[in-house]
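Asks: Letter 5 of the sequence shown, counting from 1, is numbered 15 in our numbering, and no numbers are missing.
Backbone N, C-alpha and C fix where the C-beta goes; we use that ideal spot for every residue, glycine too.
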Amino acid sequence: MAVNFDARAEGWDTPQRAERAGKLAAEMARRLPAGAFSRVLEFGCGTGLLSFSLMDRIGTALLVDSSEGMIDIVRKKIADARAQGRVSALCRDIARGVATGERFSCAYSSMSLHHIRDVSPAAKAICALLAPGGYLCVIDLRPDNGLFHRHEAGFDGHDGFEPAALAAVFEAEGLDYLSSDTVFSGERDIDGTRHGYALFMLVMRKKG
């Protein structure tokens with residue numbers, strides 16, 4: 011992941027991103043049973059916008075990101091919300107695993123996986139952290155011919171995913187496919203022109 015997220019952390023929480031996170035949280039709540047939120051893991055959490063939008067449903071949560079700058083923001087939000095007993099944050103590359111000894115009822119991310127060039131190690135680590143019967147919910151970009159990140163020098167991730175192809179990666183790690191559909195459409199200013207983009211939500215479940 012070549013994008014410097016540490017440098018962007020302070021200005022990350024724009025009104026547009028906060029609004030999008032709220033809409034995505036509502037879509038997750040529609041698709042997942044209440045029990046899925048008992049013990050959650052958000053990987054590639056950024057500043058935690060999605061998890062904090064779900065806070066009224068979450069039992070306990072671990073938020074993980076490889077950017078120390080992003081995790082610093084998350085820790086401040088946890089302190090401000092006095093949520094230290096429910097929410098914790100960890101700066102870590104999810105592909106290296108999280109050695110907490112815990113298993114999670116749901117693991118989810120928003121706009122994170124397309125920044126990872128080789129998704130398979132991350133998928134293996136994430137699936138190992140799910141409890142039997144636990145849910146995976148991935149929100150990410152549909153293929154866009156590279157428009158979304160055209161202005162970001164050094165971006166070396168994916169230009170979006172076909173949901174079926176991404177599902178196959180997780181099926182190889184023991185998850186069953188449940189659904190995938192478009193959950194958000196927006197526009198982004200790219201080189202002075204407004205371009206549309208679409209996000210899908212992939213929902214899967216661990217066997218057992």
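List the residues that DSSP assigns as beta-bridge partners of T192.
Replies: F210, per the DSSP bridge assignment.
Asks: What span of residues does the alpha helix (DSSP H) with A141 cover, start to end?
Replies: Element bounds for A141: not the alpha helix (DSSP H) but the beta strand (DSSP E), L140 to L151.
Asks: Look at the Cβ atom of T70, then the Cβ atom of R102, and state whether they are nearer than 8 Å.
Replies: Going by C-beta atoms, T70 is not nearer than 8 Å to R102.
Asks: Can you tell me the Cβ-Cβ gap for V193 and L34, rounded? I've got them flagged as a contact below 8 Å.
Replies: Right, their Cβ atoms sit about 6 Å apart.
Asks: Suppose you measure from the CA of L219 to the CA of F53; what does that come to, to the nearest Å?
Replies: Past the boundaries of the shown model lies residue 219; the chain is included only from 11 to 218, so the question cannot be answered.
Asks: May I ask which residues mark the beginning and end of the alpha helix (DSSP H) holding E78?
Replies: E78 -> alpha helix (DSSP H) spans E78 to D90.
Asks: Rounding to the nearest angstrom, what Cα-Cα distance links E183 and E78 in this structure?
Replies: Each residue's alpha carbon lies about 29 Å from the other.
Asks: What does the alpha-carbon distance come out to for the pair G56 and K86?
Replies: Each residue's Cα considered, the two are about 13 Å apart.
Asks: Quick test of the definition: if touching needs 3 or more C-beta pairs under 8 Å, does the stretch 160 to 171 touch the stretch 118 to 138?
Replies: With a cut-off of 8 Å, the stretch 118 to 138 and the stretch 160 to 171 count as touching, because enough Cβ pairs lie within range.
Asks: Please report the residue range of the alpha helix (DSSP H) in which A99 lies.
Replies: No alpha helix (DSSP H) contains A99, which is instead part of the beta strand (DSSP E) from V97 to C101.
Asks: Quick check: the Cα distance between M11 and L139, rounded to an integer number of angstroms?
Replies: Any reading at M11 is ruled out, since the residue's pLDDT is 43, under 50, leaving its predicted position unreliable.
Asks: Would DSSP call E181 helix, strand or coil?
Replies: If DSSP states are grouped into helix, strand and coil, E181 belongs with the helices.
Asks: Please state whether DSSP places D186 in a helix, a strand or coil.
Replies: It is a strand residue.
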